[in-house]
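Enquirer: Those protein sequences? They're chains Z and Y, same order as listed. Just so you know, we're using the numbering used here here: the first sequence kicks off at 60 and counts up by one. Just so you know, we're using the numbering used here here: the second sequence kicks off at 26 and counts up by one. Built from N, CA and C at the ideal position, the CB exists for glycine as well. Just so it is clear, the structure is predicted and the values come from calculations on it, not from any experiment.
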Amino acid sequence: MLEKTVNEMLAKTFPDEKVTATVDERRIVHLAGECSTYQTLIDVGHAVAHVEGVRNVVSDMTARGVVMKKKDYTPFVEAGEKKGVVEECDVLIVGAGIIGCGIAREIAKYNLKVLVAEMGDDVSTGCSKANNGCIHHGMAVKPGTLKSEMNRIGNKRYDDWERELHVGMIRPGYLEVVTKMEDLPKVYARFELGLKNKVPGMKILTPEQINEIEPAYEQNGIHPVAALYLPNFGLVETPYVCVALAENAATNGVRFLFNTTVGKVLTEDHKIVGVVTNKGIIKCRYLVNAAGMYADDIAEMAGDRLFTIHNRRGTIAIFDKATPPTFHIPTAILSGLVKKGKNVESKGGGMHPTPENNLLIGPSAEEVPDKEDTETYEWGVDYCMECCFQDPLLHKGDIIKIFAGARPADFMEDFTIEMSDVTDGLVHACCTQSPGVASSPGVADRTVGIIVDDLLKKGEDVHVKPDYNPYREKPVEFRHMTREEQDALIAKDPRYGRIVCRCEQVTEGEILDVLHSPVVPHSITAIKNRTRAGMGRCQGGFCQPRVLEIIARELGEDWIKVNLNGEGSNILVSANREEGDEQ
Amino acid sequence: MKNISVDIAVIGGGPAGLAAALEAKEQGAGRVLLLERDGDLGGILQQCIHDGFGLHRFGARLSGTEYAQRYADMVRATDIEIKLDTMVIELTKDRVIYAMNPTDGMMRIECGAVVLAMGCRERTASQVFLYGFRPAGVLTAGSVQRYINMEGYLPGKTAVILGSGDIGLIMARRMTLEGITVKGVYEAAPHLGGLMRNKVQCLDDYNIPLHVGMSVVRVHGKKRVEGVTVAKVGPDFRAIPGTEEFIPCDLLVLAVGLIPENELSRGAQVEMDNKTRGPVLDNNFMTSVPGIFAAGNVAVVFDLVDYVSASGAAAARGAVRFLKGELGGACEYRPVTAGENVNFVVPQRVRTDAEGPTSFYLRVRQPLKKVRLVCEEEGKEIASVRATHAAPPEMMSFEAKLSGGALTVSVTEV
Ligand SMILES: Cc1cc2nc3c(=O)[nH]c(=O)nc-3n(C[C@H](O)[C@H](O)[C@H](O)COP(=O)(O)OP(=O)(O)OC[C@H]3O[C@@H](n4cnc5c(N)ncnc54)[C@H](O)[C@@H]3O)c2cc1C
Ligand SMILES: Cc1cc2nc3c(=O)[nH]c(=O)nc-3n(C[C@H](O)[C@H](O)[C@H](O)COP(=O)(O)OP(=O)(O)OC[C@H]3O[C@@H](n4cnc5c(N)ncnc54)[C@H](O)[C@@H]3O)c2cc1C
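The following block contains the structure:
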């Protein structure tokens, strides 16, 4: 019945495409065939997902002339099977992005042995490393979706994470401004939408009230007539949140296995028993699928092909601190703002400050066939520039960094957080495109809840460990201290008296601190994500050799082995001739 | 927190700062303090082991390190206080410096006058809009120079250099001598960015091709650089479709320009010049904030270290005059206008009470042959220089005796 409906819809909407749909007993639609373009493939997937009754969409579709590589896990599996069983645990989390780290932190409180397998060399090397870091207010998501609920819970729970872990969140709030009387209904409409999404604390402000909290509009010749104020909007640096979560998880006994790729899932009787990684076999009872872009591969490995993930790339640009954000409160001007070709499924495409007050613009939303494609293009940056309402102070020349991230989206465009109904012990926490960062505390709570409930149902003794420590001490941040505090700190430990990164004023002491932290960073980027060394206007031009030297010294590594970000990204290739001659 | 008070503080111990400290002492300043964040004096010269420095100042072809050493020795022979490993993190418009190091902690330094000599930093990949992935193996020329010359490591085997300024040219030779294959130097502008003599000595002698009007438009490789796409570019520096070419390499060296390091200056509310990206200076090398002076690459990117030293000395003379009260009180300025063919002139303005000889530095807009540089004060010629040629990469300098009027500087072919 459903199969017929879907195929009829396809024939009607996409008469020229050679695509067929089959539907299984779980109401999962399986699409096969060749589409004329990659964008059509995406459109077909979305159209099918919209058909009533469809649970999710799995795609084997191809697009004419487009290479769609599938990741080959064979070498990992071969290496791991040779090594045999190397670890055993109760819960294995695949992926140390914001989702995996959040789950690790929340499950660490229980009397369970937990491991995290991550193919990168640090936390936050996937989607979580390149995003806007908005703790969305929850307005932009479709009411009634899981995304909407997770966003709402997650947003609120960030207060706890900030208090307990110092994840570096600020809550500047958000203003949706109209400058013309005739646009007033837009504000009311947004207010209504906010009510549906249960956004807390919303207020409609008068021009006077707006001017009080954000004088920069009037100062820049923008005259708001009203605004919707969303006080719960927050900002983070996502990689830093991941570090804070992982450190606290590690303090409570969770171990992170980096450079570890899960290539095969072992099941017995439709029950998870372990995984094969390049580092060996890891036995486990629960497998948490927080693999972001590769969550569909993990699901398939575990015998639960439930969805297909596609890469919706987003380009972002960051400005020099010398060009600070015009508005302190992130802003959308609802009047007369046309966003060209805006992708409807992902939010964003504006300008806002980062928690350290750099101006950030973007992201774009581009469907691309390669899951690891985070290349930047000129038009991506041009799109970001266009989305930002014409700010005369904004010059492309003040951009200090252009980068792109990859959103792991499925065709339903909603999160999947559930215990598999075909493989016992497999828990999905994936399909996490925006607002995955904002939602992560909610996703973590829900995922942990699923596992704990299941254990309780099976009559196991699961309880909070008596020595569980929910706190992570606030690390030293030299740049945010007063001169007196800085002086006292240097007197106590002179290593804080040497600045390594001059743009962001990061001291040697801070770099040493993180090199001796619970989740040891090994690469230049891992140090950057923890300390900000290299994040400033010279982009590591000055401090990179110094950071490299400190890493090599402290970890006893050869200079040539120190990576920019992960295996195979070494910065130096050999000692030069004179040195070689000496040896 | 330590409180210190000095007559003159010099921020930065490169050639500009060294010359400034030395001249301040020679002019009779009392307590002179030189603050340098690095462990050694010399600034960027410490990593310049090639020769070609000091032809004007010492009449000899010195390496950068030797040039710096000569100055450092002269400074050390005086009672100038030197604080190394000391980073200045703030300067206020009332000439209070906050500086820190491991032994003194945070210091609050009250200064009679300040000379800014912080040099410049290199432009980065994002600033020249390099698109693609962001792998290891994309480095600025300065970083490459540091890794090779100071640390003893090679960051690649096969390199492409973007930018044909002197730094790019010198790095082409340096890398070749170290056994790195340099595939070519690419220059987006239609002409060479550096000195002709450097092209001959650094590229031609080693058969390294120079491609003008071409740029690197994409970087390939996810982990390490696997190659770059180069293309011809139009006058707007955008790639001309159809001219793209893939060049395999594992290192992309960016020598795409320098930006004066003026964060401290901005903090002190010093007025900046959009052209030079340095402070607006007067004939005493004083910025818009009384008592704060600037010299060397922080004021404008120089190509000859001899000029850098000279500007340091000039700024120090101004600072000493300021201490003596000769520059106090209200004063008026007259502009120094960049006339025909001239891109900019530093200093950018003169005081109406200016008198005596002052040095000026300028760059022309485009290459010219057989030129005459003329400086007019209120329409009257007060200085002129002849040269066989002029080109944007080669900074020109002249001296003029001032009497306080507005100046116009022009360079014309004769
Ligand atoms: C440009 C852009 C802007 C965004 N802005 C926002 C925003 O402002 N606010 C917001 O809330 N959200 C935003 N998002 C979305 C947000 O970044 C994601 O939802 C979130 O980072 C997803 O986290 P994750 O942990 O699920 O995925 P990831 O961070 O990708 O983590 C998955 C991890 O799994 C690992 N992995 C995968 N396969 C395997 C395997 N087989 N074995 C071992 N490890 C494996 C990967 O290496 C990766 O580290 C944005 C996204 C983009 C691209
Ligand atoms: C690769 C290269 C090749 C060159 N080749 C030649 C050549 O062949 N011939 C020639 O004549 N010229 C050459 N030059 C030019 C010449 O070296 C520079 O113009 C000159 O070094 C600039 O001197 P400076 O003192 O202004 O700046 P720098 O030498 O950069 O010195 C600035 C100093 O200030 C310090 N500093 C900055 N900020 C702070 C702070 N906040 N607190 C404390 N200290 C601070 C820095 O550590 C540095 O030591 C070359 C330059 C480069 C980069």
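According to DSSP, is Y:S409 helix, strand or coil?
Expert: As a first step, residue 409 of chain Y is located in the second sequence; it is residue number 384 there, counting from the start. The answer is strand: DSSP assigns Y:S409 an E or B state.
Enquirer: Whose Cβ in chain Z lies nearer than 7 Å to the Cβ of Y:D261?
Expert: Residue numbering aside, residue 261 of chain Y sits at position 236 when the second sequence is read from its first letter. The premise fails here: Y:D261 is roughly 12 Å from chain Z at the closest Cβ pair, so nothing lies under 7 Å.
Enquirer: Counting only C-beta atoms, is Y:M196 closer than 8 Å to chain Z at any point?
Expert: Your numbering for residue 196 of chain Y matches position 171 in the second sequence. Judged by the 8 Å Cβ criterion, Y:M196 is not in contact with chain Z.
Enquirer: Give the residues of chain A in contact with Z:S628, contact being defined as C-beta atoms less than 8 Å apart.
Expert: In summary, chain A is missing from the structure at hand, where the protein chains are Z and Y.
Enquirer: Could you give the DSSP three-state label for Z:T491: helix, strand or coil?
Expert: Position 432 of the first sequence, counted from the first residue, corresponds to residue 491 of chain Z. Coil, per DSSP.
Enquirer: Kindly indicate which residue of Z:Y132, Z:I194, Z:V573 has the alpha-carbon position closest to the one of Z:P500.
Expert: Position 441 of the first sequence, counted from the start, is the residue given in the question as residue 500 of chain Z. Nearest of Z:Y132, Z:I194, Z:V573 to Z:P500, Cα basis: Z:I194.
Enquirer: Going by the CB atoms, is the gap between Y:T301 and Y:A324 shorter than 8 Å?
Expert: Within the second sequence, residue 324 of chain Y is the residue found at index 299, counting from 1. Within the second sequence, residue 301 of chain Y is the residue found at index 276, counting from 1. Closer than 8 Å, so yes.
Enquirer: Within 8 Å of any Cβ in chain Y, is that where the Cβ of Z:R542 sits?
Expert: For the purposes of this step, residue 542 of chain Z is taken as residue 483 along the first sequence, with counting starting at 1. Interface residue, yes.
Enquirer: Using DSSP bridges, identify the partner residues of Y:A184.
Expert: Taking the second sequence and counting its residues from 1, one reaches residue 184 of chain Y at position 159. BP columns for Y:A184 point to Y:V207, Y:L276.
Enquirer: Spell out whether any CB of chain Y is found under 8 Å from the CB atom of Z:V427.
Expert: As a first step, residue 427 of chain Z is located in the first sequence; it is residue number 368 there, counting from the start. No, no contact with chain Y.
Enquirer: Determine whether the Cβ of Z:I459 lies closer than 8 Å to any Cβ atom of chain Y.
Expert: Counting from 1 along the first sequence, the entry for residue 459 of chain Z is found at position 400. It does; some Cβ of chain Y falls within 8 Å.
Enquirer: What are the boundary residues of the alpha helix (DSSP H) that Z:M478 is part of?
Expert: As a working note, residue 478 of chain Z is residue 419 in the first sequence. Note, Z:M478: premise wrong, no alpha helix (DSSP H); beta strand (DSSP E) at 475-478.
Enquirer: Mapping the DSSP letters down to three states, classify Z:K399 as helix, strand or coil.
Expert: One-based indexing of the first sequence puts residue 399 of chain Z at position 340. Confidence is the limiting factor: at Z:K399 the pLDDT is only 38, short of 50, which leaves the residue's position unreliable and the question unanswerable from this model.
Enquirer: Do you know offhand how far Y:K248's Cα is from Y:Y178's?
Expert: In the second sequence, residue 248 of chain Y corresponds to position 223, counting from 1. In the second sequence, residue 178 of chain Y corresponds to position 153, counting from 1. Here the alpha carbon of Y:K248 sits roughly 19 Å from the alpha carbon of Y:Y178.
Enquirer: So is Z:V126 buried or exposed if we call it buried at 16+ other beta carbons inside 10 Å?
Expert: What you label residue 126 of chain Z is simply residue 67 of the first sequence in a count that begins at 1. Exposed.
Enquirer: Which residue wins for smallest C-alpha separation from Y:S151, given the options Y:K118, Y:S30, Y:V244, Y:S168?
Expert: By one-based count along the second sequence, residue 151 of chain Y stands at place 126. It is Y:V244.
Enquirer: State the start and end residues of the unbroken beta strand (DSSP E) segment that holds Y:M125.
Expert: One-based indexing of the second sequence puts residue 125 of chain Y at position 100. That run of the beta strand (DSSP E) goes 121-126.
Enquirer: Among all the DSSP beta bridges, which residues are the ones paired with Y:I107?
Expert: For the purposes of this step, residue 107 of chain Y is taken as residue 82 along the second sequence, with counting starting at 1. Answer is Y:L59.
Enquirer: Quick one: is Y:T312 near chain Z, going by C-beta distance under 8 Å?
Expert: In the second sequence, residue 312 of chain Y corresponds to position 287, counting from 1. Against chain Z, the CB of Y:T312 has no partner CB under 8 Å away; the residue lies outside that interface.
Enquirer: Sort Z:Y436, Z:D552, Z:V117, Z:L614 by Cα distance to Y:T254 and report the nearest one.
Expert: Taking the first residue of the second sequence as 1, we reach residue 254 of chain Y at position 229. For Y:T254, the nearest C-alpha among the options comes from Z:Y436.
Enquirer: Determine whether the beta carbon atoms of Z:P283 and Z:I272 lie at a separation below 8 Å.
Expert: The residue given as residue 283 of chain Z occupies position 224 in the first sequence. The residue given as residue 272 of chain Z occupies position 213 in the first sequence. Not in contact: Z:P283 and Z:I272 (Cβ atoms no closer than 8 Å).
Enquirer: Does DSSP put Z:R314 in a helix, a strand or coil?
Expert: Numbered from 1 along the first sequence, position 255 holds the residue referred to as residue 314 of chain Z. Strand, per DSSP.
Enquirer: Compare the C-beta of Z:Y442 against all C-beta atoms of chain Y and say whether one is closer than 8 Å.
Expert: Reading the first sequence from its first residue, position 383 is the one you call residue 442 of chain Z. Chain Y, which has no Cβ nearer than 8 Å to the Cβ of Z:Y442, makes this no.
Enquirer: Check for me: the beta strand (DSSP E) holding Z:I459 runs from which residue to which?
Expert: Mapped onto the first sequence, residue 459 of chain Z falls at position 400. Note, Z:I459: beta strand (DSSP E), 458-468.
Enquirer: Along the segment 592-626 of chain Z, where does the CB come closer than 9 Å to a CB of chain Y? Name the residues.
Expert: R596, C597, Q598, G599, G600, F601, Q603, P604, L607, E608, W618, I619, N622, L623, N624, G625, E626
Enquirer: Identify, in the order they occur along the chain, each residue of the same chain with its Cβ nearer than 6 Å to the Cβ of Y:E269, setting aside the five sequence neighbours on each side.
Expert: Sequence index remark: in the second sequence, residue 269 of chain Y carries index 244 (1-based). Cβ within range, chain order: T254, A256.
Enquirer: Identify whether Z:V54 lies in helix, strand or coil by the three-state DSSP scheme.
Expert: The structure shown does not extend to residue 54 of chain Z, since chain Z is modelled only from 60 to 642, so the question has no answer here.
Enquirer: What does Y:L164 pair with, by DSSP beta-bridge criteria?
Expert: Here residue 164 of chain Y refers to the residue found at position 139 when the second sequence is read from its first residue. Per DSSP, Y:V278.
Enquirer: Rounded to whole angstroms, what's the CA-CA distance from Z:E146 to Z:R605? Just pull it up for me.
Expert: What you label residue 146 of chain Z is simply residue 87 of the first sequence in a count that begins at 1. What you label residue 605 of chain Z is simply residue 546 of the first sequence in a count that begins at 1. If I take the Cα positions, the gap works out to 36 Å.
Enquirer: If the criterion is Cβ atoms closer than 8 Å, does the pair Y:F385 and Y:V396 meet it?
Expert: For this step, residue 385 of chain Y is matched to residue 360 along the second sequence. For this step, residue 396 of chain Y is matched to residue 371 along the second sequence. Contact flag unset, no.
Enquirer: Does DSSP put Z:Y132 in a helix, a strand or coil?
Expert: By one-based count along the first sequence, residue 132 of chain Z stands at place 73. DSSP places Z:Y132 in coil when its eight states are reduced to three.
Enquirer: At a cut-off of 7 Å, would you count Z:P58 as near ligand 2, judging by its Cβ distance to the nearest heavy atom?
Expert: Residue 58 of chain Z is absent from the structure shown; chain Z starts at 60 and stops at 642.
Enquirer: For the segment 98-113 of chain Y, which residues have a beta carbon sitting closer than 7 Å to at least one beta carbon of chain Z?
Expert: D110, M112
Enquirer: Decide if the segment 109-126 of chain Z is in contact with the segment 364-371 of chain Z; the criterion is three or more beta carbon pairs, one per stretch, under 8 Å apart.
Expert: As far as the Cβ criterion goes, the segment 109-126 of chain Z touches the segment 364-371 of chain Z, which means the pair count is three or higher.
Enquirer: Alpha helix (DSSP H) containing Y:L348: first to last residue?
Expert: As a working mapping, residue 348 of chain Y is identified with position 323 in the second sequence. Looking at the DSSP string, the run of the alpha helix (DSSP H) that includes Y:L348 is 330-348.
Enquirer: If the cut is a Cβ gap below 7 Å, which residues of chain Z does Y:N126 touch?
Expert: In the second sequence, the residue the question calls residue 126 of chain Y occupies position 101. Neighbours of Y:N126 on chain Z, chain order: G556.
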